[in-house]
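A.B. asks:
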DNA sequence: CTGAAAGCGCTTACAG
DNA sequence: CTGAAAGCGCTTACAG
């Protein structure tokens, strides 16, 4: 047997027609149990492998879902992608994954490639820029698509949006610090002009305004390197700052390292809150207080949402915000 | 236009036959430049999207490569998967990715699913267990497949193996510590019975044996949590240990946290070397000395290797070990 | 250089 | 419940 066996080979082996084999493949209730057994046995005997390309061509369902991620190296997104992929896999869908590295051109390319491959749906943690090119192409393809974690196009009826409730998270973080007696609270990291930065910052701004305290916003790249440098910057240029809310955990973890480096005590001297609650937060010392988005759960939830949309035609609500909670750890203890 | 346009529609629009359109799609030199332009224009005009499923059915090349990873949450593997995917994407291949979470059953499942999807090739960072089920299926499908980072089946002619030179890495780490005056060096982490654990340990064992020093091996799960606990274990049960080589960076970073927690000075009191050199190593304080595997480069290299195999039929050598180097940082400084 | 025809391996109505 | 036939959108020889 040098070529791959087809349903015709299976049919011959089992002594039925190829239509019957096809029905068995689809778990149709039309086929008698005994026949089903025979067919399955025949498949096993000749080593049949289902050819999805052929099935796709006829029925226009590839069983393939595209997952596009703006920064897959960030553990927050890794966890998201992993939990989503595993949930889809359990439901019989394979995941085509691409990292766009915050590059809009790359994003356009990979989305086109996925559409050519006939993905049945797309879940996209988008990057900013060239939104029309990317989402226009998806729109023309007419497949279900979810924008997650960042809203980059306003058409949430066509492209429903879901994310953790960043605003509430920022509020929780700010209140936590106020309750602990902090009086000069900064917001650190996140690129200026990005909607997601503003989202994560706005709860903080609201709480400070309500308390009659002035905000201090120090934008920066959302990675460890910036956080680490910021430790020096804070000590030198803003010695009055007694607490910091970071754009994400990477910035916060960098800041933690930076404080260790310059010998500033995290907790008593400077309280630090991260955002996302990636796994590292619980493992570093002192532990990093963070806003838990439960991204693994969020990933599973997005998988279910998409499966429901695909299977029952039941589109999700235009906007979904999932709850967040504050996890207090050593980085905000006073001693 | 409610159905997706096909090459027939493009042909009609451009006033040529559908064969010609197909040739244009394949960038065939047979088509006159002027005709090519017309056809491309027609595609753009009617919003044509290439249907790869149809092409695959006829020509048996899906332009899809499967990537199977045993632990995608570990930044080492994330970086590997990301760099590989991006290199494949640049070459026009889409990547189907799955995390197996070290579960052999899951691995069998996702590999089957990928074969059904007609992946042209497979790159697999395998888990231990049920090797025959997984690799038997790949073998029957007859597609090129690479086992990377771990060798789990001995048939390296059929499944070429590539990984960083772990043995050399262990040797570098041990020599580095001996040169710095360490006299009681432990090897920490890695599950017993796994080939990869032995690989990473063997350079250490060889160097210690040559120096006439007794080894101390403390196996454990390859994550931060184990490393952190190990700080206590070492201080209590093995106070004479003055240096540690860790199975991977996660263990080492956990150990770093654990030492901070119990107030043990990393460097002067205890020297620590990690393995992999993930990005965090340079960002923590003190910086973590580690064995650099340059996994991003390794990922790109594997992409090229596979592309050459696929395009030129040029199979890689049965075993490839890529060089590693020791990156010294604060965690092995004496003060 | 271009066109007409067959065929890849399935699914889908439609008869029986 | 099962079978014969058409067709999904391409590619691939084969003529011209």
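Residue numbers (full-length UniProt numbering), protein chains in the order written: chain H, 1 to 335; chain C, 1 to 335.
Here a beta-carbon is modelled for each residue, glycine too, at the ideal position from N, C-alpha and C.
Return helix, strand or coil for residue 251(H), following the three-state DSSP convention.
C.D. replies: Three-state DSSP puts residue 251(H) in a helix.
A.B. asks: Between which two residues does the alpha helix (DSSP H) harbouring residue 199(H) extend?
C.D. replies: From DSSP, the alpha helix (DSSP H) with residue 199(H) extends over 195 to 211.
A.B. asks: Hey, residue 255(H) and residue 230(H) are a contact pair by Cβ (cut 8 Å); roughly how many whole angstroms apart?
C.D. replies: Confirmed, about 6 Å.
A.B. asks: Kindly indicate which residue of 92(C), 103(C), 163(C) and 129(C) has the alpha-carbon position closest to the one of residue 123(C).
C.D. replies: The residue with the shortest Cα to Cα distance from residue 123(C) is 163(C).
A.B. asks: Alpha carbon to alpha carbon, how far is residue 1(H) from residue 165(C)?
C.D. replies: Any reading at residue 1(H) needs caution, since the residue's pLDDT is 42, under 50, leaving its predicted position unreliable; the model's value is listed next. Distance between the alpha carbons of residue 1(H) and residue 165(C): 40 Å.
A.B. asks: Using a Cβ cut-off of 7 Å, pull out every chain H residue sitting near residue 62(C), in sequence order please.
C.D. replies: What residue 62(C) touches in chain H: 53.
A.B. asks: Does the beta carbon of residue 263(H) come closer than 8 Å to any beta carbon on chain C?
C.D. replies: It does not; no Cβ of chain C falls within 8 Å.
A.B. asks: Are the beta-carbon atoms belonging to residue 119(C) and residue 66(C) less than 8 Å from one another?
C.D. replies: Contact flag set, yes.
A.B. asks: Tell me the DSSP secondary structure of residue 100(H) in three-state form.
C.D. replies: Three-state result, residue 100(H): coil.
A.B. asks: Is there contact here, the segment 18 to 33 of chain C with the segment 70 to 88 of chain H, by at least three beta-carbon pairs under 8 Å?
C.D. replies: In short, these stretches do not touch, since the Cβ pair count stays below three.
A.B. asks: What does the alpha-carbon distance come out to for the pair residue 116(C) and residue 69(C)?
C.D. replies: Using only the alpha carbons, I get a separation of about 18 Å.
A.B. asks: Assign residue 51(C) to buried or exposed, taking buried as 16 or more other Cβ atoms, counted over all protein chains shown, within 10 Å of its Cβ.
C.D. replies: Residue 51(C) should be labelled buried.
A.B. asks: Could you run through the segment 199 to 229 of chain C and flag, in chain order, every residue whose CB is less than 7 Å away from some CB of chain H?
C.D. replies: Cβ contacts with chain H come from 224, 225 and 228.
A.B. asks: Buried or exposed, going by whether 16 or more other CB atoms sit within 10 Å of the CB of residue 195(C)?
C.D. replies: So residue 195(C) ends up on the exposed side.
A.B. asks: Just how far apart, CA to CA, sit residue 213(C) and residue 295(C)?
C.D. replies: Each residue's alpha carbon lies about 32 Å from the other.
A.B. asks: Look up residue 26(H) in the DSSP assignment and say whether it is helix, strand or coil.
C.D. replies: Three-state DSSP puts residue 26(H) in coil, outside helix and strand.
A.B. asks: Using a Cβ-Cβ cutoff of less than 7 Å, which residues in the same chain neighbour residue 259(H) once the five nearest sequence positions on both sides are dropped?
C.D. replies: Excluding sequence neighbours, residue 259(H) sits near 231, 266 and 270.
A.B. asks: Measuring alpha carbon to alpha carbon, tell me which of 307(C), 251(C) and 299(C) ends up nearest residue 280(C).
C.D. replies: When each option's Cα is compared against that of residue 280(C), the closest is 251(C).
A.B. asks: Going by beta carbon distance, what residues of the same chain come within less than 7 Å of residue 103(H), once the five residues before and after it are set aside?
C.D. replies: Taken in chain order, the residues that qualify are 127.
A.B. asks: Ordered along the chain, which non-local residues of its own chain (more than five positions away) have a Cβ less than 7 Å from that of residue 182(H)?
C.D. replies: Correct list, in chain order: 242, 243 and 271.
A.B. asks: What number of angstroms, rounded off, separates the C-alpha of residue 257(H) from the C-alpha of residue 331(H)?
C.D. replies: Looking at the two C-alpha atoms, the distance is approximately 12 Å.
A.B. asks: Restricting to runs no shorter than 4 residues, where is the alpha helix (DSSP H) found entirely within the segment 62 to 102 of chain H?
C.D. replies: The qualifying runs are 75 to 90.
A.B. asks: Cutting at 7 Å between CB atoms, please list the residues of its own chain near residue 145(H), excluding the five before and the five after it.
C.D. replies: 121, 122, 124, 138 and 159.
A.B. asks: Roughly how many whole angstroms lie between the Cα atoms of residue 326(H) and residue 236(H)?
C.D. replies: Using only the alpha carbons, I get a separation of about 29 Å.
A.B. asks: Please work out which residues of its chain come closer than 6 Å, Cβ to Cβ, to residue 223(C), disregarding the five sequence neighbours upstream and downstream, and give them in chain order.
C.D. replies: Excluding residues within five positions, the ones whose Cβ falls inside 6 Å are 250.
A.B. asks: Please list the terminal residues of the continuous beta strand (DSSP E) segment that includes residue 170(H).
C.D. replies: Careful: residue 170(H) lies outside any beta strand (DSSP E), inside the alpha helix (DSSP H) at 166 to 179.
A.B. asks: What does residue 47(C) reach in chain H if we use C-beta pairs closer than 8 Å?
C.D. replies: Those within 8 Å of residue 47(C) in chain H are 140.
A.B. asks: Would the beta-carbon of residue 336(H) fall within 8 Å of that of residue 245(H)?
C.D. replies: Any question about residue 336(H) goes unanswered here, given that chain H covers just 1 to 335.
A.B. asks: Taking the alpha helix (DSSP H) that residue 246(C) falls in, what are its first and last residues?
C.D. replies: First-last for residue 246(C): 243 to 246, but that is the beta strand (DSSP E), not the alpha helix (DSSP H).
A.B. asks: Looking at the structure shown, is residue 278(C) part of a helix, part of a strand, or coil, going by DSSP?
C.D. replies: Reduced to three states, the DSSP call for residue 278(C) is coil.
A.B. asks: The alpha helix (DSSP H) that contains residue 291(H), what's its start and end?
C.D. replies: Premise fails: residue 291(H) lies in the beta strand (DSSP E), 289 to 292, not in any alpha helix (DSSP H).
A.B. asks: Between residue 169(C) and the rest of its own chain, which residues show a CB-CB distance below 6 Å, the 5 nearest in sequence each way excluded?
C.D. replies: Closer than 6 Å at Cβ, skipping near neighbours: 291 and 324.
A.B. asks: Can you pull the chain C neighbours of residue 284(H), defined as C-beta to C-beta under 7 Å?
C.D. replies: By Cβ distance, chain C contributes 257.
A.B. asks: Given this structure, state the Cα-to-Cα distance separating residue 106(C) from residue 238(C), to the nearest angstrom.
C.D. replies: Approximately 39 Å, taken between the alpha carbons.
A.B. asks: Per DSSP, what kind of secondary structure is residue 327(H) in: helix, strand or coil?
C.D. replies: Residue 327(H): strand per DSSP, three-state reduction.
A.B. asks: So if I threshold CB-CB distances at 7 Å, which residues from the segment 139 to 167 of chain C count as touching chain H?
C.D. replies: Within the segment 139 to 167 of chain C, the residues whose Cβ lies closer than 7 Å to some Cβ of chain H are 140 and 141, listed in chain order.
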